[in-house]
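*Asks:* Okay, here's the structure, questions in a sec.
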Amino acid sequence: MKMNYLLAGLFFCTNVVEAGCDNSTDFSDDDILSRDVPQAVLDAFNTKYPKTSATWEKDRGMLKAEFRERGNDTDVWYDVNGTWLRSETDLEAKDLPQIVRDAVQNHFPSYRIEDVDLIESPSEIYYLIELEKNDYMEIKIKVTPEGEILS
0 MKMNYLLAGL FFCTNVVEAG CDNSTDFSDD DILSRDVPQA VLDAFNTKYP
50 KTSATWEKDR GMLKAEFRER GNDTDVWYDV NGTWLRSETD LEAKDLPQIV
100 RDAVQNHFPS YRIEDVDLIE SPSEIYYLIE LEKNDYMEIK IKVTPEGEIL
150 S
């Protein structure tokens with residue numbers, strides 16, 4: 000019986016040591032190195048976001064750059080030819096233009112802003128705002144930079 004405990008303990012310790020000695024980086028299966036990103040994509044990224052370094056991953060057939068700029072996390076998607084498809088920047092409620100904050104407050108007075116993302120694409124720009132009421136009722140709305148509530 001003691002031998003079983005000893006073997007189980009030895010097996011556990013060996014696995015812990017092996018995991019601790021793993022020399023791999025903290026990449027998910029879809030992460031890719033910058034050197035493996037097509038040059039057209041890197042050129043488009045560097046034009047739109049000069050002097051910014053990013054981590055890259057494959058995301059549903061697109062290439063996604065992830066980086067932090069001016070204190071905000073941003074994700075940017077490109078196709079393999081370097082065409083910019085979409086950007087999503089995490090913001091705080093205080094970062095919203097006053098006209099947007101006023102529109103949200105006027106339409107949803109009993110809700111508070113829980114989360115804000117600025118969504119940009121070639122065809123539209125809007126804020127995706129998650130509102131919360133009583134710490135459990137959540138809704139998401141789209142609001143234009145001019146304060147028009149889309150949904």
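Numbering (numbering that gives the first Met the number 0), first residue to last: 0 to 150. Using N, Cα and C, we set each Cβ at its ideal position, and we do this for glycine too.
1. Report the CB separation of residue 95 from residue 126 in whole angstroms; it is logged as a contact under 8 Å.
2. Please report the distance separating the alpha-carbon of residue 87 from that of residue 142.
3. Just mark residue 73 as buried or exposed, buried being the case when its beta carbon has 16 or more other beta carbons within 10 Å.
4. Beta-carbon within less than 6 Å of residue 44's beta-carbon, same chain only, minus the 5 sequence neighbours each way: which residues are those?
5. Give the straight-line distance between the Cα atoms of residue 53 and residue 80, rounded to the nearest whole angstrom.
6. From this set, 31, 144, 101, which residue's C-alpha is nearest residue 123's C-alpha?
7. In terms of alpha-carbon separation, which member of 101, 32, 117 lies closest to residue 111?
8. Per DSSP, what kind of secondary structure is residue 89 in: helix, strand or coil?
9. Mind checking who residue 30 pairs with in its DSSP beta bridge?
10. May I ask you to report which of helix, strand or coil DSSP gives residue 23?
11. Going along the chain, which unbroken runs of the beta strand (DSSP E) with 3 or more residues stay wholly within the region 69 to 140?
12. In or out: residue 138 buried (at least 16 other Cβ within 10 Å) or exposed?
13. What does DSSP give as the partner residues of residue 65 in its beta bridges?
*Replies:* Taking the geometry as given:
1. 6 Å
2. 14 Å
3. buried
4. 64
5. 18 Å
6. 144
7. 101
8. strand
9. 56
10. Caution applies to residue 23, whose pLDDT of 36 falls short of 50 and renders its modelled position unreliable; the model cannot decide the point.
11. 71 to 77, 83 to 90, 111 to 119, 124 to 132
12. exposed
13. 54, 74
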